[in-house]
Each structure stands twice: as C-alpha cells, then as structure tokens.
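Everything in the sequence shown is counted per the working numbering, starting at 377 for the first residue and increasing by one. What follows is a set of notes on a single structure, which appears directly below.
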Amino acid sequence: MTSQHGEHNGAQHNGAQRSENQHSDNLRGDGQHGHGQHGDGREGYEELRAQLDTLTTEAFRPELAEIDQLPTLDIARIMNGEDSTVPTAVAAQLPRIAAAIDATAERAARGGRLIYAGAGTAGRLGVLDASECPPTFNTDPEDVVGLIAGGPGAMVTSVEGAEDSKELAAADLTALKLTAADTVVGISASGRTPYAVGAVEHARALGALTIGLSCNEGSALAAAAEHGIEVVVGPELLTGSTRLKAGTAQKLVLNMISTITMIRLGKTYGNLMVDVRASNDKLRARSRRIVSLATGAPDDRIESALRTTDGEVKNAILTILGSVDGPTAAALLADSQGHLRAALKAAAREAGTQGTAGAR
C-alpha cells in the first residue's frame, strides 16, 4: 500500500468529480458539504461567511490594499518579512509537535504507518513529504503515505466537492486498511476542512493515533485529534491565500514530524543519513562519503566494507567501527532494531567479553 497506491484509492472515489478553482483547502465549515460553494441559498452563504470571518487565515489586511501599486522590490521585501514570522509561530507549538512526534515514533517502531490526509495545498504538502521519505530514509513506500482529497489528479487540478466529504476521507483510509497501529495526520489551514476532520475522526474511532495540524486557534481539527497543533500565522499577504504563510508553516511542521520520527527510528547516525543502500553510481559515491564521515577510514577499507555488506551503509560503518564482519554486523543491527549506536555498543560489549574470555 504505497503512497501512490493510497492516492489511487482516492482517485477511485473521485474520478467522476469536476475540477474547481484553487484554494480548496479551507473554505467550508466542519461537516458542511459546500453550501456556500454550491449556492444552496442565502442561509448557506451567510453561514459560510460567518465561518470565514472567524478565521485569522482569512482576515483582510487594509494596510496591504494597494500592494499592487508598489514596486516589485517593495512587495518582495514585504513578503519576505511576512515569511520570516512563520518560524516564530511554529516555535510556539514545539512542545505539542514534540509530543506528537514521540507518539508517532512509538507507533512506527511497532510497525505502524504514518498517513497524511488533507485537501488542496495541505494535501499536496502531505503527499510531497511522504514521497520524500523513501529516497531519504530508505523506507518502504507503504510506511509513509499521503492522501489528498480527489486523488492524484488533485495534485495539479482542484477537484470539486472532494474536500467537503468526511465520508470520502473514511473511504480513502478504509482502502488503506487502516489499523490501530497507524498514525493519521489531518492537515488543514482553516482547521475546519471536512476531509481532514473526517480522516482524524475515522482514524481515532479505530484506535489509530491522530494529529491535527491547522493554522487557526480553537479549530475543529485540533479538537478531533489526540494531538492538536495550531500554528497561528495570522492573515495572509493575499487575503485567504493559505498556500503562503500557512502552507510554509505546514511544510515546516511536516518536515519535523517525518524527519524526527526517522531519527527516533534509527534511520540516522548523528546527522548522517546512514539508512541508504548503494544501488547506483551516484548513491555509491554518496555512500562512500557517508562512511568516510562516520569512520574516517581510508578509501580502500571503505570500499571493502561496502562490498562485504552489499552496499549497506549502516552495516559498513558497523564493520569498521565495531571491528566485526558483515554477517555479524547484520545480526547486531537486527538485534538493535536498526539503531547503529546501540549496535556499536553491543559490538563493544561482545568484544570485551571475548577479550576477558581470552585472558582467562
């Protein structure tokens, strides 16, 4: 069940739906099926307007009302200044982010998957982060999955109505055979998108770990999840364009969730990406460099270590630093659940035991 497979499932449920305009992430209320969008009368419009008026991400900034009259450099400076506020907003949520990551890593260590679910920009960011994990951490494509409302076609063209259905989110997760061991991260700038909220509600009902990532305080998404992360970035440069600061904030948090989870799973040694396999010339060159940085060994020893471990960087490092052969390195890593530092300590203990026995 790869990330691509998960998106295909979404496409199966949405293939007959028409395209709609961009910004499908955050304009509908929790549980509403697009009343304002589809014109179900003034009552629906007023309800949608009232919801939008409560969202800081949708607020109008009168001081920027004539931004289109400014020189390009001035606009760029304003935009850069706006972007510089995002890390501070993320920093305010670091305790919640860390707690969510620890819980995610605990599930992942037991074989659980990390699944992102969102619509529009939020969904695209989830798919992007999921797709980067296999080449970066040598994970199985099924380990980190990105679901976007509307399926793969929604990566480039918004799909009408896809974001408005909690049932669609439940169906997409059901197609992935969601279990209580998994973690589901609902992503929505508004924190009200039915697809994201529905994904979290369905996952939580099944006992899966749930995280809600939004950019508005007091969101329905955070309330639905066990771990609510609300990065309040404030009004956008362009009113309601949450692909800007909100999207940047979401990308930063998703970077943390996936990267730190992988660090906790032993996919790195220090800040080196050691859980890679040298399967082509480019990766072989990178692998040699990683082994060199980790061990300081000469090139000929590095080449020998990589040959005896079938190009497995982590194993090669262990053979050099732990003074063990390839099969022993593989066994030590298996016993250490893939954590190189733990395997090195085990190798040192084994060497010490053998040394003591020899002295006797």
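Idealized CB from N, CA, C, for every residue including glycine. Predicted, not measured: the structure shown is a model, and the values here were computed from it.
Burial state of Gly594, where buried means 16 or more other Cβ atoms lie within 10 Å: Your numbering for residue 594 matches position 218 in the sequence shown. So Gly594 counts as exposed.
What are the start and end residues of the beta strand (DSSP E) that includes Leu585? Within the sequence shown, the letter at position 209 stands for residue 585. Where Leu585 is concerned, the enclosing beta strand (DSSP E) stretches over Leu585 to Ser590.
Between the C-alpha atoms of Glu458 and Gly642, what's the straight-line distance to the nearest angstrom?
By 1-based counting over the sequence shown, the position of residue 458 is 82. By 1-based counting over the sequence shown, the position of residue 642 is 266. Distance between the alpha carbons of Glu458 and Gly642 is about 36 Å.
| Beta-carbon proximity check, Ser507 vs Gly526, cutoff 8 Å | Counting from one through the sequence shown, the residue named residue 507 turns up at place 131. Counting from one through the sequence shown, the residue named residue 526 turns up at place 150. Not a contact, by the Cβ cut-off of 8 Å.
**Report entry** Top-ranked residue by Cα proximity to Gly535, from Ile524, Leu682 and Val650
**Finding:** Taking the first residue of the sequence shown as 1, we reach residue 535 at position 159. For the sequence presented, residue 535 should be read as Val rather than Gly. Answer by Cα proximity: Ile524.
Report task. Would you identify the three-state DSSP class for Ala493, choosing helix, strand or coil? Result -> Locating residue 493 in the sequence shown gives position 117, counting from the first residue. Ala493 falls in the strand class under three-state DSSP.
- Item | Cβ neighbours of Glu577 in the same chain (closer than 6 Å, five flanking residues each side left out) | As a first step, residue 577 must be located in the sequence shown, where it is residue number 201. Answer for Glu577: Ala600, listed in chain order.
Here's a check: name, in chain order, each residue in its chain whose Cβ is nearer than 7 Å to the Cβ of Lys721, leaving out the five neighbours to either side.
Walking along the sequence shown from the start, residue 721 turns up at place 345. Cβ neighbours of Lys721 beyond the five flanking positions: none.
From Gly494 to Ser541, what does the alpha carbon distance come to, in whole angstroms?
-> Counting from 1 along the sequence shown, the entry for residue 494 is found at position 118. Counting from 1 along the sequence shown, the entry for residue 541 is found at position 165. Rounded to the nearest angstrom, the two C-alpha atoms are 11 Å apart.
Smallest Cα separation from Ser663: which of Gly702, Arg677 and Gly687? Locating residue 663 in the sequence shown gives position 287, counting from the first residue. Among Gly702, Arg677 and Gly687, the Cα nearest to that of Ser663 belongs to Gly687.
ask   = If we call anything under 8 Å between Cβ atoms a contact, is Ala584 one with Val607?
value = The sequence position of residue 584 within the sequence shown is 208, counting from 1. The sequence position of residue 607 within the sequence shown is 231, counting from 1. No.
- Message: So, at 7 Å on beta carbons, what are the nonlocal neighbours of Ala530 in its own chain, with the 5 sequence-adjacent residues on each side left out?
- Response: Mapped onto the sequence shown, residue 530 falls at position 154. Counting only Cβ-Cβ distances below 7 Å, and skipping sequence neighbours, we find Gly499, Ile524 and Ala538.
Practice task
Sort out for me which residues DSSP pairs Gly522 with in a bridge.
Solution key: The residue you call residue 522 lines up with position 146 of the sequence shown. DSSP, once it has assigned bridges, lists Tyr492 as partnering Gly522.
Check whether Leu648 and Leu669 have beta carbons under 8 Å apart
The residue you call residue 648 lines up with position 272 of the sequence shown. The residue you call residue 669 lines up with position 293 of the sequence shown. In contact: Leu648 and Leu669 (Cβ atoms closer than 8 Å).
- Rounded C-alpha distance that separates Gly702 from Gln713: Position 326 of the sequence shown, counted from the first residue, corresponds to residue 702. Position 337 of the sequence shown, counted from the first residue, corresponds to residue 713. Rounded to whole angstroms, Gly702 to Gln713 spans 17 Å at the Cα level.
Give the DSSP-derived three-state secondary structure of Thr637 in the structure shown. The residue you call residue 637 lines up with position 261 of the sequence shown. If DSSP states are grouped into helix, strand and coil, Thr637 belongs with the helices.
Point to revise | Close Cβ partners of Leu628 (< 6 Å) along its chain, the five nearest in sequence each way excluded | key: The residue labelled residue 628 in the question sits at position 252 within the sequence shown. Taken in chain order, the residues that qualify are Val466.
Can you tell me where the alpha helix (DSSP H) holding Glu482 begins and where it ends?
Walking along the sequence shown from the start, residue 482 turns up at place 106. It spans Leu470 to Ala485 - the alpha helix (DSSP H) in which Glu482 sits, taken as one unbroken run.
Does the stretch 543-551 touch the stretch 467-479, meaning 3 or more C-beta pairs lie closer than 8 Å?
no
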